[in-house]
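Protein chains in written order, with our numbering: chain A, 1 to 883; chain B, 884 to 995. Following: one structure in structure tokens, then a few remarks.
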């Protein structure tokens, strides 16, 4: 009730105020009549009544205060005042709001990406940031995933988990024999959808009993359903052919849901129990050695990660005792979902974290700059503030007034920032990603992003507003009114700020420079292989649907070897093909190459850790096709050679680390159960990322280790790629009609795609860098301009007693540059330390680490030279009369 | 000229009680309330406007009185305050408490 009355009062506050005034005036009039009745003249009575009533304004104010709206009233007045002040300094306001908006915008955009990866890694699933991965870790430190029987054991034993679900990525051939499409799907456990808490867009998700009966069912993604069935609800109950099996469509997944592997967009979900039917010969449901399932789940309410880890340790110990041959050397590890050891997660999270760090620095630099601009402005306002204090405003009231201005600037900046962030994330999402895996990021600026923006805006306002406000209020109003001249302490603050700002700006610019250079490296630096003129195409025998192949072709190495050999022989006959090879992995892929441990015969390990190297599986002619120089030894022998001992080829770095000072060719090496002979040495090239330090690698031959899948590499004559792509399809169809060729693209396209995460920051900073320089220049200009304006008398005296304008300019510029120089030096030092920490062993590029400070210094010099020269060129007499 | 000063040392909350009491026998405007308090108390209680009007606002906020515009004796627009039902109840309780307080004070003083 009371609240209601309060609100009613607030709505009619203007009327209530005038009524109160009228009421008090009525009171006074009666009083005057009273005086008149006791004999005073009308004039005296009026004066007397007024005197007796005292300060009616105070009575009115106190009456208003009763209703408790004073704060709002004051705040509204402050905002109104702040608006008027900002309107009086439009240039400053525009510069501050624009720079803040850009700073907040990029921060919010990067934050919304981090949010999409870390806080909501599984779109469409609530609370997905709370998911944990249960990962068996091999002795070598690799994470090969769990086997299906292991999953069933763990599911029973890990009581801390609400629902432990399992899934495995698998490629499928979808459609009838002549129109087979390559689609990616997940083989999932029966509790997959219920464990994720998903509701289907259509139909019913498989129940536990249905899948245990191994009913041939499939769940389609919303996108696939729309594309294939025109979003027709009649699709339910229809069948599709997947890997030559007929599956019944029982549900369509919700639109947002794209699967449980970060950023990847899947089309099909199929119960794992169907795996033996879909992949003939697969023993994954029974074989503890067949790993590859990812296990995720969230904890029971009240259960801790530590508890779950303890349970996992106990369970893994039991398993290793029960099955020493396959589980003996495994330990269990509980990881937060976003730090998945496989897939693109790690890479994305770390690059985003670095990006966020740099954008935060950028925002701090902007804040420093704004503080300086406001300080310069504050000096000009000291008369106004002095007046306010002198006529009785409390210090607190004046600080509040000034802070309202800053907050208004901060919020306007945040508003602009949100707009920039929304535009930016949409622009990023629209960038096409021609990867063979359909990648989809569902990033958007939501309430959380909005809150972050506003929070950043308010914090910035506090950061840059408090210093000038305190500065103004701290001083005695008398001195403020008496003179406009600065005191010593007032000069020190802007100088410190200028140095800090120069340091921050420099760090951001250095980061920008490094991002930019790393991107430019990708255009100019030799990756160690030739990017141009190579056509790539993938095949996979395990998913082949044609029924005329033997049941166990997926595990028969001889078939894989033979297929590779036949395909390559036919391809080499094509007129436009210069050379052809097959490799299991393509370099510079976002997924990276696997790393394995091995033993070099006769090498004593210096410490306990095993020697490790990247691995790839290739056919003869691979190095010639990729134009990777062969430095010593020979290429692999032909695929149909049955006599030569198993071979490997290694790179220079491998030799440098593991076989130093010895003749490498002919040395023996133990990998797993087999022994290999080093047949040749090739030049280092980039494997995982551009600009990486050399990494050791071992190439195995398809002859010794045939793989059922691979990437065909064709070196073609220039300009014939598309022509050859068509012929390639025909050749493979002739050899094995059921094997689809997919993901046909040039090596250049492949590399370009995987540079996505470098190109974005590089582009971002090519825009942000110059802008930041401009803002810094404006900041320095305004500080120096203000400084010389206050010293005009001093300058006038110096000119009058014979100093040349050149001396004056030199002095002002010198003083300022000394301050900025200190900042720049500090910035370079910090940047170098951070750089060495973040990129160990990375080259310190002098173009970046010397060039950028030089540019900044040059711009700073120009920014302080302009106002200095203008002041120094005035007539000394005019300068002296300014006082 | 007699310049009124605030009644010294009124117990906290007493002014509200006095105003409620002044309104017990019918609605009055602000000036009439002040005059009523002055005359009934033999000029002991002189309530200044700077306390009277905030106090009236407080009573309005609490819903103990309501205000209406009406015509004064000499036909001028004046704002009349009237006790509401809750105001009447409040007056009774506050009055009871006040009596108890006075009695207690008298007992303490009488014991000296």
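Cβ coordinates follow ideal geometry from the N, Cα and C atoms, glycine included.
Membership of residue 675(A) in the beta strand (DSSP E) is indicated by the continuous run 674-682. Residue contact check for residue 58(A) against chain B: a CB pair falls below 8 Å. Counting only runs of 4+ residues, no alpha helix (DSSP H) is found wholly inside the segment 559-599 of chain A. If you ignore the 5 residues before and after residue 290(A), its C-beta comes within less than 7 Å of the C-beta of 147, 283 and 284, all in its own chain and listed in chain order. Among the bridge pairs identified by DSSP, residue 647(A) is matched with 677(A). The beta-bridge partner set that DSSP reports for residue 239(A) consists of 248(A). Contact annotation for residue 27(A) against chain B: 913, 914 and 932 [CB-CB distance below 7 Å, chain order]. At a cut-off of 8 Å between C-beta atoms, residue 2(A) counts as an interface residue with respect to chain B. Taking a beta-carbon distance threshold of 8 Å, residue 973(B) does not count as an interface residue toward chain A. Residue 41(A) does not reach chain B, its nearest Cβ partner there being about 12 Å away, counting only Cβ pairs nearer than 8 Å.
Within chain B, no residue has its beta carbon less than 7 Å from that of residue 71(A); the closest one is some 16 Å off. Counting along the chain, the unbroken beta strand (DSSP E) around residue 269(A) starts and ends at 268-271. Contact annotation: in the segment 929-953 of chain B, residues whose CB is within less than 9 Å of a CB in chain A are 931, 932, 933, 934, 935, 936, 937, 938, 939, 940, 941, 943, 944, 945, 946, 950 and 952. Our two residues, residue 34(A) and residue 965(B), have alpha carbons roughly 24 Å apart in a direct line. Residues of the same chain with a CB within less than 8 Å of the CB of residue 952(B), apart from the 5 flanking positions on each side, are 960, 961, 962 and 963 in chain order. For a Cβ distance threshold of 8 Å, nothing in chain A lies close to residue 907(B): the least Cβ distance comes to about 21 Å. In this structure, residue 655(A) places its C-beta atom within 8 Å of the C-beta atom of residue 664(A).
Residues of chain B with a Cβ closer than 9 Å to the Cβ of residue 55(A) are, in chain order, 933. Residue 743(A) sits away from residue 697(A), with the two beta carbons spaced by 8 Å or more. The Cβ atoms of residue 680(A) and residue 634(A) lie closer than 8 Å to each other. For residue 19(A), the chain B residues whose C-beta falls within less than 9 Å of its own C-beta are 950, 952 and 962, listed in chain order. A contact between stretches requires three or more CB pairs, one per stretch, nearer than 8 Å, and the segment 824-839 of chain A fails this requirement with the segment 769-780 of chain A. In the DSSP assignment, residue 28(A) is bridged to no other residue. Under DSSP, residue 946(B) shares a beta bridge with no residue.
Annotation for residue 713(A): the continuous beta strand (DSSP E) segment containing it runs 709-716. Of the candidates 7(A), 97(A), 332(A) and 205(A), the residue whose Cα lies closest to the Cα of residue 154(A) is 332(A). Under a 10 Å Cβ-count criterion, residue 329(A) is classified as exposed, with fewer than 16 other Cβ atoms of the shown protein chains found around its own Cβ. Take the alpha-carbon of residue 580(A) and the one of residue 111(A): they are about 45 Å apart.
Neighbours of residue 67(A) across chain B, judged by C-beta separation under 8 Å: 940 and 944. Against chain A, the CB of residue 959(B) has a partner CB under 8 Å away; the residue lies at that interface. When Cβ-Cβ separations below 8 Å define contact, residue 6(A) makes contact with chain B. Using a CB distance cut-off of 8 Å, residue 11(A) does not count as an interface residue toward chain B.
When DSSP states are grouped into helix, strand and coil, residue 687(A) belongs to the coil group. DSSP places residue 459(A) outside any beta strand (DSSP E); the residue lies instead in the alpha helix (DSSP H), whose first and last residues are 447-474. Here residue 369(A) has 99, 501, 775, 776 and 779 as same chain residues with Cβ atoms under 7 Å from its own Cβ, once five neighbours each way along the sequence are excluded. Within chain B, the residues placing a beta-carbon under 8 Å from that of residue 62(A) are 933, 936 and 937, ordered along the chain.
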